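Remarks on the structure that follows.
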Amino acid sequence: MVAARHPAGFAIEAMRPAGVDAVLAVQAQAYAGIDVLEDAGLFLNRIRLSPRTCWVARGPGGVLGYLVSYPWPLGAPPSCEFFVTTGGFRAPFPSWRK
Numbered sequence: 001m002v003a004a005r006h007p008a009g010f011a012i013e014a015m016r017p018a019g020v021d022a023v024l025a026v027q028a029q030a031y032a033g034i035d036v037l038e039d040a041g042l043f044l045n046r047i048r049l050s051p052r053t054c055w056v057a058r059g060p061g062g063v064l065g066y067l068v069s070y071p072w073p074l075g076a077p078p079s080c081e082f083f084v085t086t087g088g089f090r091a092p093f094p095s096w097r098k
């Protein structure tokens, strides 16, 4: 699904497995020098769990940014490196909030 192009020259599109390498490149640039990078497997996990809530902003030169979200109990999001299994949005899971 491709949304209408924003006046600033980008479009919001569904994140797809084939586009994860571009997402990883944006992530590496955005978080350079910070030890918070997720690997391709985690993005693929999130896309598989909730494809309707994972997005990229695409401009003429490619992916400019991304948003990954998925249903989760309020106040207890899983830690970045935690793989969530399908059908299992139940706490407790390892959380970055203690």
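Residue numbers for the sequence shown follow the numbering used here, so the first one is 1 and each next one is one higher. C-beta atoms are modelled at their ideal positions from N, C-alpha and C, and glycine is treated no differently. A quick note: this is a predicted structure, and the numbers were derived from the prediction, not measured.
If you look at residue 58, you'll find it in the beta strand (DSSP E) that goes 54-59. Assigned with DSSP and collapsed to three states, residue 11 falls in strand. Counting of Cβ neighbours within 10 angstroms places residue 34 among the exposed residues, the total staying below 16. By the beta-carbon neighbour count (other beta carbons within 10 angstroms, threshold 16), residue 63 is buried.
By the neighbour-count definition (other C-beta atoms within 10 Å, threshold 16), residue 66 is a buried residue. Residue environment for residue 27: buried (at least 16 other C-beta atoms within 10 angstroms of its C-beta).
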